[in-house]
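Visitor: Below is the structure I would like to discuss, written out as structure tokens.
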Amino acid sequence: MTTAVDTRQVRDLAVAALAWVSAHRGDFALGADALTADGPVDLTWKPLGELAQTCVSVRRCTPPSDPLHACASDLLDFAWQQTGRGELFLRLQRTEPFATYPLEVYSVFAGAGLRHTGYEVAAGAVARSRGWRLTEHEPTRRLGLLNAERRSGIHRPERFAQALGRTWLGGLPEPWTFERTSGYALTHVVFHLTDWGRTAQDVPAELAAYLTDWLPPWLDTCLDAGMWDLACELLIVAASLPQPIDAATLQDPWRRIARVQHASGALPLMASDPARTHEADPEPSFVHGYHSTLMLAFAAALTQGVPV
Numbered sequence: 001m002t003t004a005v006d007t008r009q010v011r012d013l014a015v016a017a018l019a020w021v022s023a024h025r026g027d028f029a030l031g032a033d034a035l036t037a038d039g040p041v042d043l044t045w046k047p048l049g050e051l052a053q054t055c056v057s058v059r060r061c062t063p064p065s066d067p068l069h070a071c072a073s074d075l076l077d078f079a080w081q082q083t084g085r086g087e088l089f090l091r092l093q094r095t096e097p098f099a100t101y102p103l104e105v106y107s108v109f110a111g112a113g114l115r116h117t118g119y120e121v122a123a124g125a126v127a128r129s130r131g132w133r134l135t136e137h138e139p140t141r142r143l144g145l146l147n148a149e150r151r152s153g154i155h156r157p158e159r160f161a162q163a164l165g166r167t168w169l170g171g172l173p174e175p176w177t178f179e180r181t182s183g184y185a186l187t188h189v190v191f192h193l194t195d196w197g198r199t200a201q202d203v204p205a206e207l208a209a210y211l212t213d214w215l216p217p218w219l220d221t222c223l224d225a226g227m228w229d230l231a232c233e234l235l236i237v238a239a240s241l242p243q244p245i246d247a248a249t250l251q252d253p254w255r256r257i258a259r260v261q262h263a264s265g266a267l268p269l270m271a272s273d274p275a276r277t278h279e280a281d282p283e284p285s286f287v288h289g290y291h292s293t294l295m296l297a298f299a300a301a302l303t304q305g306v307p308v
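The UniProt record's numbering numbers the first residue of the sequence shown as 1 and each following residue consecutively.
In structure tokens:
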């Protein structure tokens, strides 16, 4: 990486963010409500799955000798233990056989080599049914589900290219139609295409060229609006392209993120007052800080590991 981005500063952001996550690992723990059919998935399985995904991604872009790698490995082991080493996925499968979130979360662990044979057999049987294939999903979610199936060893004839063409980003929309919802959709399209930054070569050339042109102004827009969470996701995308965004272009975005990271390492989802986006807000609560802090850790680890 060139000196246009301060690699030491970017690394410090990742270290501080993972330190906050480690200090709050208990907040990621699953409670009894995680196994009920009407349980609060967004407050139980979603945070745990995002913790696991961030840890897997950080491990991939750091050498085993790196303390960041060790920290991510420790947190990933914690997350796997929370699932009963995969046993809870089988219990969820029996409770909600056509729910997709168990497979989506499980696939994160499977991609890291942590597997539960019994669950994979049960999930595979359901995934081969017409009911599973015909269930309607938003296009970006469909792409994510296909990636989850691939990670878990489930192979169906539906193609990534077909699913990609139905997404907002896949249609190469007018750049001025970008807004918060489409922003989150486009970042996840790239996450699913590249298996969260692992296979940058899987981004089609036309899509990569489009993102190279328009991601920088979109990133500036998000930073101006104090959308720290979405800005970090866009920084992940920037480092996940076949030819990563020029480092000089990312110098100011990283400096702005550094200014608003809390001393504890946490990063708020959004600025409390978009008119004052140059100042750090008070430390956010777990619910309002865990995702943005995880995305910051991932973005910083991936950026420092990508040669530009």
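Note that CB positions come from ideal geometry on N, CA and C, so glycine has one too.
Mind checking Glu-136: buried by the 16 CB within 10 Å criterion, or exposed?
Guide: Along the sequence shown, one-based indexing puts residue 136 at 136. Answer is exposed; the Cβ neighbour count stays below 16.
Visitor: So, do the stretch 155-174 and the stretch 110-117 have three or more beta carbon pairs nearer to each other than 8 Å?
Guide: Contact between the stretch 155-174 and the stretch 110-117 is absent, because fewer than three Cβ pairs lie under 8 Å.
Visitor: Between Ala-123, Gly-39, Cys-55 and Leu-234, which lies nearest to Glu-87 when the distance is taken from Cα to Cα?
Guide: For the purposes of this step, residue 87 is identified with residue 87 of the sequence shown, where counting begins at 1. Taking only the C-alpha atoms, the option nearest Glu-87 is Ala-123.
Visitor: If we ignore side chains and look at the alpha-carbon of each, how far apart do Asp-6 and Ala-258 end up?
Guide: Within the sequence shown, residue 6 is the residue found at index 6, counting from 1. Within the sequence shown, residue 258 is the residue found at index 258, counting from 1. Approximately 11 Å, taken between the alpha carbons.
Visitor: Inspect the beta-carbon positions of Val-189 and Thr-167 and report whether they are closer than 8 Å.
Guide: Counting from 1 along the sequence shown, the entry for residue 189 is found at position 189. Counting from 1 along the sequence shown, the entry for residue 167 is found at position 167. Contact: yes.
Visitor: Can you name, in chain order, every residue of its own chain whose Cβ lies under 7 Å from the Cβ of Glu-283, other than the five neighbours on each side?
Guide: Against the sequence shown, residue 283 aligns to sequence position 283. Excluding positions up to five away in sequence, the list reads His-262, Ser-264 and Ala-266.
Visitor: Please classify His-155: does DSSP put it in a helix, a strand, or coil?
Guide: Reading the sequence shown from its first residue, position 155 is the one you call residue 155. Three-state result, His-155: coil.
Visitor: Assuming residue 331 and Ala-299 are in contact, meaning their beta carbons sit under 8 Å apart, how far apart are those beta carbons, in whole angstroms?
Guide: Outside the modelled stretch of the chain, which goes from 1 to 308, sits residue 331, for which no answer is possible.
Visitor: Quick one: complete beta strand (DSSP E) runs, 3+ long, within the stretch 117-167?
Guide: Correct list: empty.
Visitor: Where in the stretch 233-298 do unbroken runs of the alpha helix (DSSP H), each at least 4 residues long, occur, reported from the N-terminal end onward?
Guide: Complete alpha helix (DSSP H) runs here, min 4: 247-260.
Visitor: Going by the CB atoms, is the gap between Leu-294 and Ile-236 shorter than 8 Å?
Guide: In the sequence shown, the residue the question calls residue 236 occupies position 236. In the sequence shown, the residue the question calls residue 294 occupies position 294. No, they are not a contact pair.
Visitor: Buried or exposed: which applies to Leu-134, given that a residue is buried once 16 or more other Cβ atoms fall within 10 Å of its Cβ?
Guide: Within the sequence shown, residue 134 is the residue found at index 134, counting from 1. Result: exposed.
Visitor: Do Asp-220 and His-291 count as a contact pair if the criterion is CB distance below 8 Å?
Guide: Taking the first residue of the sequence shown as position 1, residue 291 is located at position 291. Taking the first residue of the sequence shown as position 1, residue 220 is located at position 220. No, the pair does not count as a contact, with Cβ atoms beyond the cut-off.
Visitor: Between Arg-130 and Phe-98, what straight-line distance do the alpha-carbon atoms span, to the nearest angstrom?
Guide: As a first step, residue 130 must be located in the sequence shown, where it is residue number 130. As a first step, residue 98 must be located in the sequence shown, where it is residue number 98. Those two C-alpha atoms are separated by around 11 Å.
Visitor: Should Gln-243 be labelled buried (16 or more other beta-carbon atoms within 10 Å of its own) or exposed?
Guide: Your numbering for residue 243 matches position 243 in the sequence shown. Classification of Gln-243: exposed, given that the 10 Å Cβ count is below 16.
Visitor: Rounded to a whole number of angstroms, what is the C-alpha to C-alpha distance between Gly-14 and Ala-231?
Guide: The residue labelled residue 14 in the question sits at position 14 within the sequence shown. The residue labelled residue 231 in the question sits at position 231 within the sequence shown. This sequence places Ala at residue 14; Gly is not what is there. So the alpha carbons of these two residues sit roughly 15 Å apart.
Visitor: When the distance is taken between beta carbons, is Arg-11 closer than 8 Å to Gln-304?
Guide: Here residue 304 refers to the residue found at position 304 when the sequence shown is read from its first residue. Here residue 11 refers to the residue found at position 11 when the sequence shown is read from its first residue. Yes.
Visitor: Just verifying my parser: in three-state terms, what is the DSSP assignment at residue 334?
Guide: Only positions 1 to 308 of the chain appear in this structure, which leaves residue 334 out of reach.
Visitor: Any idea if Trp-20 is buried or exposed, counting beta-carbon neighbours within 10 angstroms, 16 or more meaning buried?
Guide: Position 20 of the sequence shown, counted from the start, is the residue given in the question as residue 20. By the neighbour-count rule (16 or more Cβ atoms within 10 Å), Trp-20 is buried.
Visitor: At the level of alpha carbons, what is the spacing between His-288 and Leu-30?
Guide: One-based indexing of the sequence shown puts residue 288 at position 288. One-based indexing of the sequence shown puts residue 30 at position 30. The straight-line gap from Cα to Cα measures roughly 18 Å.
Visitor: Pick helix, strand or coil for Glu-96, following the three-state DSSP scheme.
Guide: Counting from 1 along the sequence shown, the entry for residue 96 is found at position 96. Three-state result, Glu-96: coil.
Visitor: Tell me the residue span of the alpha helix (DSSP H) that contains Gln-201.
Guide: As a position in the sequence shown, residue 201 is number 201, starting the count at 1. First-last for Gln-201: undefined, no H or E at that position.
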